[in-house]
Amino acid sequence: MGLAGHDAHYLAVAWWIASALGIAAILGLALLFRRARKTGEAEEIERILAEHDEGDAGNRRASHVSRRHGVDA
Amino acid sequence: MFAVLALASGLVLAAVWGLAAGSSSLELALADLYKVPMVILLSAITALPAGLVTLRLTNAKLRGSELAGAFATSIFGGTLVLATLAPLVAIYYHTSAKAGVPLALGSVFVALATASLLFARAVSRRIAGQPRAASLLAVVILVVLFLAALLQFVALASPIIGVHGTVLENGFDGFRL
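Residue numbers (numbering that gives the first Met the number 0), protein chains in the order written: chain B, 0 to 72; chain H, 0 to 176.
Written out as structure tokens, the structure is:
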């Protein structure tokens, strides 16, 4: 007799059911990780695009000023 | 993402310890490679909902995701200790009849203590300058439930340490109250 008076077969089945839940949890964590990584990549792309846009706006302002005052080419 | 990575790395480190703890036979070593991470994961899954419910009921400032993140990183810390002690466990296992099993059990208790301290510290840092009692209550409940679940999962998965098992193989019923 093992835990709580159950036989070895009962406990083995209980362990395999628990293991199946654990494997399901691992798969769930893998999905969570994939989704988080995709979200992270999307945020990174948005950040880079925003920086790029800001850079373009800055360049346009500079050329406008230089055109008006005849400074720089 | 960081929490998931920490948990996954922790499970790999736990497998390393499992390999050392079961190194008395090839069959047990291979079984422990899978059993030890599974026992830790299942205990964490069992305990986490209680911690999250405690956070909600006590209206704590700490968010659920922060608690889960701190828990995952503390599991990583604990399993890192286990993996660090794994070579010592393995060598004593094969060279000392007296110290092998106690050392393996001792490394588990050291890892549990380390993980609990890391967890409390991580949560304390995240709620710095805010009321702490509610968040720390969630930590205490999570740790107690994790230990309670761990005890029974270890019993269910036994033998893990040594072919003949240890005092923990009877779970809660093994304690004389």
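Ideal Cβ positions, reconstructed from N, Cα and C, are used throughout, including at glycine.
In this text the structure is predicted, and so the values were computed from the model without any measurement.
Closer than 8 Å to chain H by CB, residue i
i	result
W15 (chain B)	no
H51 (chain B)	no
A72 (chain B)	Legend: pLDDT at A72 (chain B) = 44, less than 50; position of this residue unreliable, no value from coordinates given.
G54 (chain B)	no
Residue-chain proximity (residue i, chain B), Cβ-Cβ < 8 Å
i	result
L79 (chain H)	no
G170 (chain H)	yes
I159 (chain H)	no
L192 (chain H)	Not covered by the structure: residue 192 (chain H). The range shown for chain H is 0 to 176.
L87 (chain H)	no
A156 (chain H)	yes
I44 (chain H)	yes
A40 (chain H)	It is Leu, not Ala, that sits at residue 40 (chain H) in the sequence shown. Taking Cβ atoms only, chain B reaches closer than 8 Å to L40 (chain H), which makes this a yes.
Under 8 Å by beta carbon: chain H residues contacting residue i
i	result
A35 (chain B)	M0, V3
A3 (chain B)	D172
Beta-carbon neighbours of residue i, restricted to chain B and to distances below 9 Å
i	result
A234 (chain H)	With chain H running from 0 to 176 in the structure shown, residue 234 (chain H) is simply not present.
Same chain, Cβ closer than 7 Å to residue i, neighbours up to 5 away in sequence not counted
i	result
D31 (chain H)	G17, L18, A20, G21, I159
G161 (chain H)	S23, V100
Neighbouring residues, chain H, relative to residue i (Cβ below 9 Å)
i	result
L20 (chain B)	L41, I44
Within chain H, partners of residue i - CB distance below 7 Å
i	result
L48 (chain B)	Neighbours of L48 (chain B) on chain H: none; closest Cβ ~21 Å, over 7 Å.
Nonlocal neighbours in the same chain, by C-beta distance under 6 Å from residue i, ignoring five residues either side
i	result
F152 (chain H)	V38, L41, S42
P36 (chain H)	L10, A13, A14
**Message:** Assess contact between the region 147 to 161 of chain H and the region 30 to 48 of chain H, defined as three or more Cβ pairs (one per stretch) separated by less than 8 Å. Is contact present?
**Reply:** yes
**Request:** Specify whether the region 92 to 99 of chain H and the region 118 to 125 of chain H touch according to this definition: at least 3 beta carbon pairs, one from each stretch, less than 8 Å apart.
**Result:** no
**Message:** With three or more beta-carbon pairs closer than 8 Å as the criterion, would you say the region 79 to 93 of chain H touches the region 1 to 17 of chain H?
**Reply:** When Cβ pairs closer than 8 Å are counted between the two stretches, the region 79 to 93 of chain H is seen to touch the region 1 to 17 of chain H, the count reaching three or more.
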